[in-house]
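With the sequence shown counted from 1, adding 104 to any position gets you my numbering. Even glycine gets a Cβ: it sits at the ideal position worked out from N, Cα and C. The model shown is predicted, which means the values in this text are computed figures rather than measured ones.
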Amino acid sequence: VQATMGSIFRLNVLVTSLADFFKENNQLCVYGALLEGENCFATRFQQSHTVLLMGNEGAGISSKLFPFISKKITIPKLGHAESLNVGIATGILCAEMTKYN
105 VQATMGSIFR
115 LNVLVTSLAD
125 FFKENNQLCV
135 YGALLEGENC
145 FATRFQQSHT
155 VLLMGNEGAG
165 ISSKLFPFIS
175 KKITIPKLGH
185 AESLNVGIAT
195 GILCAEMTKY
205 N
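1) Between the alpha carbons of residue 159 and residue 169, how many angstroms are there, rounded?
2) Do you know offhand how far residue 153's Cα is from residue 118's?
3) First and last residue of the beta strand (DSSP E) that includes residue 191?
4) One question on the structure: do residue 178 and residue 136 come within less than 7 Å of each other, judged by their Cβ atoms?
5) How should residue 193 be labelled, buried or exposed, when 16 other C-beta atoms within 10 angstroms of its C-beta is the threshold for buried?
6) Below 7 Å between beta carbons: does that hold for residue 182 and residue 144?
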C-alpha cells in the first residue's frame with residue numbers, strides 16, 4: 105500500500121470471475137500472453153477496449169479462458185533464458201501496447 109503512494113485508494117475494483125467478465129464484455133479485444141503466439145514487437149495493438157491477459161509463471165493462462173482470447177502474443181526469447189518473470193513480461197507487453205498511443 106505504501107509503495108502505491110495512495111493510488112490504490114483511487115482505483116475502482118471489480119471482483120468477478122474472468123470468464124463471466126469476458127462473457128458480459130464480448131466486445132473487448134483480449135490479448136493472451138502465451139509461449140506460442142505472434143511476436144509482440146511486430147503486433148499492431150488495438151488502442152481501445154483492450155485487455156492484456158497474463159497467466160501465472162507456473163501454469164500460464166487457464167485453458168478455461170482460451171476461448172476468450174482474441175489474439176495470442178508472445179515475447180520472443182533471446183539468448184538462453186527459459187522464461188521471464190510475469191511482472192517483467194507484463195511491463196514489456198504494456199510498453200509495447202502503449203507505444204503508439
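This is what the structure holds:
1) Straight-line Cα distance between these residues: approximately 10 Å.
2) Taking C-alpha positions only, residue 153 is separated from residue 118 by approximately 16 Å.
3) It is not in any beta strand (DSSP E) - residue 191 instead sits in the alpha helix (DSSP H) that spans 190–202.
4) In this structure, residue 136 does not lie closer than 7 Å to residue 178 by Cβ.
5) With 16 or more other Cβ atoms within 10 Å, it is buried.
6) Taking 7 Å as the cut-off, the beta carbon of residue 182 is found no closer than this to the beta carbon of residue 144.
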